[in-house]
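For reference, the structure is listed below as structure tokens.
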Amino acid sequence: MQIPLSLPSLPARLLHPYALLLFPAMLLILFVLIRVSFVRVDWLAQHKSRRKKSFMLASRALMLLMLVIAFADPVIEREVLTRGDPHLTLMVDHSSSMGVFDFNSVAFTDSLKKSIPVVSRSLADGNTSPIGDSIIAGMTGNDNLLVVTDGRTTDGKELADVIALAAALNATVNGLELEPSSPDAAVSIIGPRTTLEDVESEFTVRVDAVGPVRYSLRATVDGRAVLEEESDKSEVFPLEQGFSEGQHKIVAEITAADHFSENNVFYKTVRVEPKPKILFVTHKDDSTPLLELLKQLYTVEVKAIVPALSQLTGYGAIILDDMDAASIDTDALSAYLDNGNGLLVIGGKNSFNNAYKYSVFGTLLPVAVGSAKAKDKRDVNIIMVIDISGSTGVSFSQQSINSVEDVEKALAVSILRDLRHEDRIGVVAFNTEAYTVSDLRMMSDEEKDELTENIKSLVFGGGTIIEEGIKTAMKMLLNQRGSNNIILISDGLSGNPAWDDLAAAKAAGYR
């Protein structure tokens with residue numbers, strides 16, 4: 049139920065009080081027009097019309113006053129307070145991990161119900177904590193949720209995804225900060241489940257501590273100790289380990305006087321596969337850095353030619369190191385690739401453009417062989433159009449000490465310095481009018497320095513009409529050969545939008 053409560057009416061105020069300043073001037077003009085006679089009349093006629101003029105002056109003045117007050121936009125503000133229908137959904141985590149907190153959910157719910165309607169739901173129970181899924185199931189839209197949990201999610205949706213969904217449903221999710229009553233520590237191992245033999249794999253042994261608890265950590269691989277640490281806080285311990293082929297067991301165990309003993313040991317099984325076998329084909333006698341790197345990850349066989357298809361069985365991939373097309377068995381490679389295997393081709397003086405471009409082997413490659421062609425050199429004409437209106441005097445951002453004016457000058461000078469000597473450059477400045485700072489021409493280094501000083505000395509002020517600058521730049525580029533370009537440097541705050549002029553410039557071939 050909604051109950052509107054109205055506050056006492058407030059006095060009126062004017063949105064545009066300066067409009068009242070018009071009334072004295074308008075009253076003076078009205079007085080002159082009514083009381084002053086611009087033609088000569090006799091005294092009797094003038095006396096008879098005096099009363100009529102006085103009445104007209106008073107009535108017209110009243111009308112003007114009402115008109116001016118209307119221009120001032122009088123308003124009366126009124127505030128209305130509407131009480132909604134408050135309610136709360138209390139979601140409590142009853143999983144085993146909540147045992148370290150001394151939280152009485154029944155007493156807490158009863159205390160809330162004394163001041164607000166409360167609906168109580170359970171988030172999790174036992175050894176599983178699908179917290180995200182439970183929160184989503186409890187949301188209906190426009191909810192007020194209070195979640196009591198330790199935040200440990202064993203499965204289901206991540207809490208970050210749940211919060212994003214709550215925002216879309218206009219639901220408010222709050223959490224209750226809990227203080228642990230019993231210390232506890234838990235250990236876990238993070239790392240790959242499958243790896244390659246004789247390759248150093250990275251694992252992480254993580255210990256999460258709640259409350260003041262000191263623990264001793266010991267990690268073993270197949271019963272052999274590889275890590276021993278002591279600490280009294282949450283920490284992450286890196287572990288690098290290589291394995292032989294087969295199944296291996298990693299065990300991390302902590303010894304501590306804590307609440308739960310179940311989470312003081314963690315087991316992880318790692319399956320180790322043999323290194324994949326690859327073929328490295330090269331004419332080079334010396335070993336290459338790439339070959340040495342490949343040997344760390346794969347079982348590599350090196351040959352000087354690509355063998356027959358029957359001898360390629362067992363290779364997961366073939367690498368051709370700068371091989372010429374004449375020494376490659378294209379038919380064997382084509383059949384090898386059709387079976388789902390891989391091919392890596394390394395370039396060099398014997399490959400690609402020197403050998404593959406017109407060969408049958410080149411058709412197997414997913415790339416075209418060729419080289420880039422130089423573009424035709426054309427004259428480049430550039431007009432920089434710089435906004436020097438007063439609006440550019442403000443700060444560039446809240447954190448910047450430079451104004452928009454400083455940034456515009458710096459951009460213009462940077463562009464000028466990057467241009468080639470054969471490029472032709474012109475500069476136009478504008479506010480409500482356009483001013484030619486420099487005609488379109490090629491410039492020497494000395495002339496660029498002089499133009500740089502002219503740009504730095506530009507005085508900013510006045511309004512902003514971008515179209516004036518665009519039109520002047522188009523006139524300067526009219527009938528010019530080559531690539532014509534207009535660079536507009538402005539804050540974009542124009543009193544007269546210039547989209548039509550920009551579209552016209554683009555249609556005329558100006559970039």
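Note that my numbering has the sequence shown beginning at 49, numbered continuously upward.
In this text, a Cβ means the ideal position worked out from N, Cα and C, and glycines have one as well.
Straight-line gap, residue i to residue j (C-alpha atoms, nearest Å)
i	j	result
proline 56	glycine 223	At proline 56, the pLDDT of 47 sits below 50, so the modelled position is not reliable; the number obtained from the coordinates is stated separately. Their backbone Cα atoms lie some 39 Å apart in a straight line.
leucine 68	proline 122	11 Å
alanine 216	threonine 137	18 Å
leucine 53	valine 128	The pLDDT assigned to leucine 53 is 40, lower than 50, so where the model puts this residue is not dependable; a value taken from the coordinates is nonetheless given after this. Cα to Cα, leucine 53 sits roughly 6 Å from valine 128.
alanine 234	glutamate 293	30 Å
serine 236	valine 255	7 Å
serine 230	leucine 391	59 Å
leucine 81	threonine 512	40 Å
glycine 474	serine 451	24 Å
methionine 139	arginine 126	40 Å
alanine 521	aspartate 454	22 Å
lysine 523	aspartate 539	23 Å
lysine 629	proline 178	Look at the range of the chain in this structure, 49 to 559, and you will see that residue 629 is not part of it.
lysine 297	lysine 325	26 Å
serine 462	aspartate 493	14 Å
valine 284	serine 170	32 Å
tyrosine 363	proline 322	13 Å
leucine 207	leucine 265	30 Å
valine 167	threonine 303	41 Å
valine 221	proline 240	35 Å
aspartate 191	alanine 219	4 Å
asparagine 152	isoleucine 183	20 Å
glutamate 225	glutamate 288	37 Å
aspartate 466	leucine 360	55 Å
leucine 62	alanine 477	41 Å
alanine 60	isoleucine 124	4 Å
leucine 536	alanine 120	40 Å
valine 261	valine 299	21 Å
glutamate 227	glutamate 250	34 Å
lysine 161	threonine 243	55 Å
serine 382	leucine 412	7 Å
Buried or exposed by the 16-neighbour rule on C-beta atoms within 10 Å, applied to residue i
i	result
aspartate 158	exposed
isoleucine 238	exposed
valine 201	Looking at the sequence itself, residue 201 is threonine, so the reference to valine does not match. Answer is buried; the Cβ neighbour count reaches 16.
alanine 257	buried
histidine 307	buried
proline 65	exposed
tyrosine 315	exposed
isoleucine 353	exposed
valine 408	exposed
alanine 356	exposed
threonine 197	buried
methionine 49	Residue confidence for methionine 49 is low, a pLDDT of 38 falling below 50, so the modelled location carries little weight and cannot support an answer.
phenylalanine 436	It should be noted that the sequence gives isoleucine, not phenylalanine, for residue 436. Isoleucine 436 is buried by the Cβ-count criterion.
alanine 305	exposed
lysine 281	exposed
methionine 565	Past the boundaries of the shown model lies residue 565; the chain is included only from 49 to 559, so the question cannot be answered.
isoleucine 367	buried
asparagine 175	exposed
threonine 34	In the structure as shown, the chain starts at 49 and stops at 559, and residue 34 therefore has no counterpart that could be examined.
Beta strand (DSSP E) segment containing residue i, residue limits
i	result
tyrosine 263	263-269
asparagine 532	531-537
alanine 365	365-369
lysine 351	347-351
glycine 390	390-394
glycine 174	166-174
glycine 223	220-223
Residue range of the alpha helix (DSSP H) that includes residue i
i	result
serine 382	378-386
glutamine 528	Looking at the DSSP string, glutamine 528 is not in any alpha helix (DSSP H), and its letter there is neither H nor E.
alanine 155	153-161
glutamate 498	493-504
serine 145	From DSSP, serine 145 is part of no alpha helix (DSSP H); its letter is neither H nor E.
alanine 216	207-216
Residue j beta carbon less than 8 Å from that of residue i
i	j	result
leucine 459	arginine 472	no
leucine 506	isoleucine 431	no
valine 247	glycine 290	yes
asparagine 389	serine 531	no
valine 253	alanine 273	no
histidine 142	alanine 185	no
valine 320	glutamate 301	no
phenylalanine 328	aspartate 370	no
tyrosine 346	alanine 373	no
DSSP bridge partner residues for residue i (one or two, in chain order)
i	result
isoleucine 430	Ile473 and Asn533
valine 452	According to DSSP, which records beta bridges pairwise, valine 452 is partnered with nothing at all.
glutamate 301	Arg266 and Val313
phenylalanine 478	Asp435 and Ala482
Residue-chain proximity (residue i, chain D), Cβ-Cβ < 8 Å
i	result
glutamate 127	Protein chains in the displayed structure number just one, and chain D is not present.
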